[in-house]
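Chemist:
Residue numbers (our numbering): 311 to 786.
1) Contact between the stretch 640 to 658 and the stretch 687 to 702: three or more CB pairs below 8 Å?
2) Should residue 617 and residue 598 be called a contact, given that it needs their Cβ atoms to be closer than 8 Å?
3) Relative to the C-alpha of residue 391, which residue among 378, 510, 779, 517 is closest?
4) DSSP three-state label for residue 522, please.
5) Whether or not the stretch 521 to 539 and the stretch 486 to 505 are in contact is what I'm after, with contact meaning three or more pairs of Cβ atoms, one per stretch, closer than 8 Å; do they touch?
6) Candidates 706, 621, 615, 670: which alpha carbon is nearest residue 679's?
7) Is it right to say residue 342 is buried, meaning 16 or more other beta carbons lie within 10 angstroms of its own, or is it exposed?
8) Are three or more beta carbon pairs between the stretch 586 to 597 and the stretch 763 to 782 nearer than 8 Å?
9) Tell me the rounded alpha-carbon separation between residue 744 and residue 435.
10) Could you name the residues of the same chain whose beta carbon sits closer than 8 Å to that of residue 543, not counting the 5 residues immediately before and after it, in chain order?
11) Could you check what DSSP says for residue 536 in three-state terms: helix, strand or coil?
12) State yes or no: is the C-beta of residue 690 nearer than 7 Å to some heavy atom of the ligand MN?
13) Taking 8 Å as the threshold (C-beta atoms), are residue 321 and residue 357 in contact?
14) Report yes or no: is there a C-beta of chain D within less than 8 Å of the C-beta of residue 622?
15) For residue 592, I'd like the list of residues in its chain whose CB is within less than 8 Å of its CB, leaving aside the five on either flank, ordered along the chain.
16) Taking residue 309 as the reference, give the member of 607, 600, 498 with the closest Cα.
17) Whole angstroms are fine: how far does the CA of residue 386 sit from the CA of residue 325?
18) Expressed to the nearest angstrom, what Euclidean distance is found between the alpha-carbon atoms of residue 765 and residue 578?
19) Starting from residue 759 and walking both ways along the alpha helix (DSSP H), at which residues does that stretch end?
20) Can you check the stretch 536 to 611 for any alpha helix (DSSP H) of at least 4 residues that lies completely inside it and give the ranges in chain order?
21) For a test of the three-state rule: what should DSSP assign to residue 461, helix, strand or coil?
22) State the beta-bridge partners of residue 488 as determined by DSSP.
23) Quick one, are the C-beta atoms of residue 842 and residue 651 less than 8 Å apart?
24) By the 10 Å Cβ neighbour count, where 16 or more other Cβ atoms means buried, how is residue 484 classified, buried or exposed?
25) So is residue 653 buried or exposed if we call it buried at 16+ other beta carbons inside 10 Å?
26) Count the other C-beta atoms from every protein chain shown that fall within 10 angstroms of the C-beta of residue 727, then say buried if there are 16 or more, exposed otherwise.
27) How many Å lie between residue 748 and residue 659 at the Cα?
28) For residue 702 and residue 458, I'd like the C-alpha separation in whole angstroms.
Put into structure tokens, the structure is as follows:
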């Protein structure tokens, strides 16, 4: 890799840290290359590269942040590029870190909100990194719960001693607005609003407004003052909105950005002390992995979610987790494993009762959603008759408010009809879905249509296929 021209001043900070860590130059270079691979980067540094850094040369791009992360892991304390005497950068892998403390989590996620709110186009072009799923999911599963998240304001004492901070917080932080129950209620209400917009019109409709809300309203709350109980609820609300920012990013095919939001939502959920919500974030990550064709990673994420929550969760939550695993097995063509997971999901949902304490984020998982999951699984396993039956059931049960989900079920039904040889019905259903997609800002909706069209290609000269193309062309 090409680096900037060497500076005159040797980097004594880096030299001291290399000595403290006990690295050889070759050993440091090797670890930087290995960390780069975790984030999808093909780096080729060697001991000569490290020698140049020690002489004052500044590595380009993401490398300063990678070097800092290598030392952070080795020495067990958070170090930045500046601590190493290196230029700061905005690394493309930033946001995939699973923060060591709630304070650091706030710094990372707020930086992500600010960059995204600033309409940085390159941020939405960052690639999805399968290797970047491993460390966050592992750290969530085995990580120690945060002992304290409360932030207390500065307390003034008599005389001229000046402001004194309550000693409990680990670091001095700016005091600010005292977070109230009304603030938390507002965050929840905003989440419901943006969720409804996403369901009805697609992730691209109001995604940017959501991110700006996070930057301008949620970040000041996180940096304000709050009690322990309020702080846990605040982190929970922030996790929910951050996951939604990731979900809407996923829907517009900003997959690397979505992945980063999901990782940070997972960390915020840990700060909230909400293992169940953390499992939901992992399931969301699993769904994205399925969509992108990473079935093995999707299975692992779904299983980590199940391990992390245990058997004490509400039946609806258990059903949701098992259904996500089934989708991943179906993608891999693992019929037996998929069937087993689907059976577990069905049994769990059968045991659900009206009086169950179901988290707000899991209430969408009902008979209509389970039928949708079954339809997708049978489609991927080429079991088209069963796929059609379940897709039809999902459409019967699903509310019109969930327009995008209904579109997906309609395309699954069209695909199943095509697989069964019913070309007329398949094309009619797909044309209806294409008309719906035209009214949404959802790349996923468009991709569902395109997937059907690829399957339709062998029949392109048949009258129903020609009619379908004419109807779609008329949509503009």
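We put the CB at the ideal spot given by N, CA and C, even for glycine.
Modeler: The relevant details are as follows:
1) yes
2) no
3) 378
4) helix
5) yes
6) 706
7) buried
8) no
9) 26 Å
10) 494, 582
11) strand
12) Annotation note on the ligand MN: not contained in the displayed structure, which lists no ligands.
13) no
14) Absent here is chain D; the protein component of the structure consists of one chain.
15) 447, 450, 576, 611, 612, 614, 615, 618
16) With the chain running from 311 to 786 in the structure shown, residue 309 is simply not present.
17) 18 Å
18) 41 Å
19) 753 to 766
20) 538 to 561, 565 to 582, 585 to 601
21) strand
22) 535
23) Residue 842 lies beyond the residue range present for the chain, which begins at 311 and ends at 786; the question has no answer from this structure.
24) Unreliable positioning characterises residue 484 in this predicted model, as indicated by a pLDDT of 46, which lies under 50. A coordinate reading is not provided.
25) exposed
26) buried
27) 34 Å
28) 49 Å
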